[in-house]
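Undergrad: Handing you a structure now.
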Amino acid sequence: MNIATKAALYNALLFPGWGQIYLKDYKKGTAIIVAVIAAILSILFSVIQTTKTLLKISPFKKGTVTLEAVVKLSVTSLKQLNLSYISPLLLFILLLWIFSMIDAYL
Numbered sequence: 060m061n062i063a064t065k066a067a068l069y070n071a072l073l074f075p076g077w078g079q080i081y082l083k084d085y086k087k088g089t090a091i092i093v094a095v096i097a098a099i100l101s102i103l104f105s106v107i108q109t110t111k112t113l114l115k116i117s118p119f120k121k122g123t124v125t126l127e128a129v130v131k132l133s134v135t136s137l138k139q140l141n142l143s144y145i146s147p148l149l150l151f152i153l154l155l156w157i158f159s160m161i162d163a164y165l
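Each position in the sequence shown, counted from 1, maps to that position plus 59 in our numbering.
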């Protein structure tokens, strides 16, 4: 297996940008990794804010937290997420992932 194929596999299987790091293109690899992590953290922040809002509306009573209640809260918060905000971020991550695989292979 040649070095370009290994780099593309690192991108595909590990994380976008790892292939560039493997090929010693540190600036491009770091830029891709930072962009993807920023998008993931932005999505995570949105999920946390939605969950906080739902907990303020209907908080858990002391001693009544069960797995069923937590799962129900999780499902409700996922339904309440703003998909017009999250969808472009997911598309951005996907496009960066594809770009990094192709770039590492070439």
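A virtual CB, placed ideally from N, CA and C, is assigned to each residue, including glycine. All values reported here derive from a predicted model rather than from experimental measurement.
If the criterion is Cβ atoms closer than 8 Å, does the pair residue 105 and residue 140 meet it?
TA: Taking the first residue of the sequence shown as position 1, residue 105 is located at position 46. Taking the first residue of the sequence shown as position 1, residue 140 is located at position 81. Contact flag set, yes.
Undergrad: Three or more C-beta pairs closer than 8 Å, one from the region 69 to 89 and one from the region 110 to 117: is that the case here?
TA: With the rule of 3 Cβ pairs closer than 8 Å, the region 69 to 89 does not count as touching the region 110 to 117.
Undergrad: At the level of alpha carbons, what is the spacing between residue 158 and residue 143?
TA: Residue mapping note: residue 158 aligns to position 99 of the sequence shown, counting from 1. Residue mapping note: residue 143 aligns to position 84 of the sequence shown, counting from 1. Going from the Cα of residue 158 to the Cα of residue 143 covers about 23 Å.
Undergrad: Checking 8 Å against the spacing of the C-beta atoms, do residue 164 and residue 64 come in under that value?
TA: Translated into the one-based positions of the sequence shown, residue 164 becomes position 105. Translated into the one-based positions of the sequence shown, residue 64 becomes position 5. Their beta carbons are under 8 Å apart, which means residue 164 touches residue 64 by this criterion.
Undergrad: What is the DSSP secondary structure of residue 160, counted as helix, strand or coil?
TA: Position 101 of the sequence shown, counted from the start, is the residue given in the question as residue 160. Note: residue 160 maps to helix in three-state DSSP.
Undergrad: Please report the straight-line C-alpha distance between residue 62 and residue 71, rounded to a whole angstrom.
TA: Position 3 of the sequence shown, counting from 1, holds the residue named residue 62. Position 12 of the sequence shown, counting from 1, holds the residue named residue 71. For residue 62 and residue 71, the distance between alpha carbons rounds to 14 Å.
Undergrad: Report all residues from its chain with a CB closer than 8 Å to the CB of residue 152; omit the five preceding and five following residues, and keep chain order.
TA: The count along the sequence shown starts at 1 and reaches residue 152 at position 93. The answer, listed in chain order, is 75, 95, 98 and 99.
Undergrad: Return helix, strand or coil for residue 82, following the three-state DSSP convention.
TA: Locating residue 82 in the sequence shown gives position 23, where the first residue counts as 1. Residue 82 falls in the coil class under three-state DSSP.
Undergrad: Give me, in chain order, the residues of the same chain whose beta-carbon lies closer than 7 Å to that of residue 135; leave out the 5 immediate sequence neighbours on both sides.
TA: The residue labelled residue 135 in the question sits at position 76 within the sequence shown. So the qualifying residues of the chain are 113.
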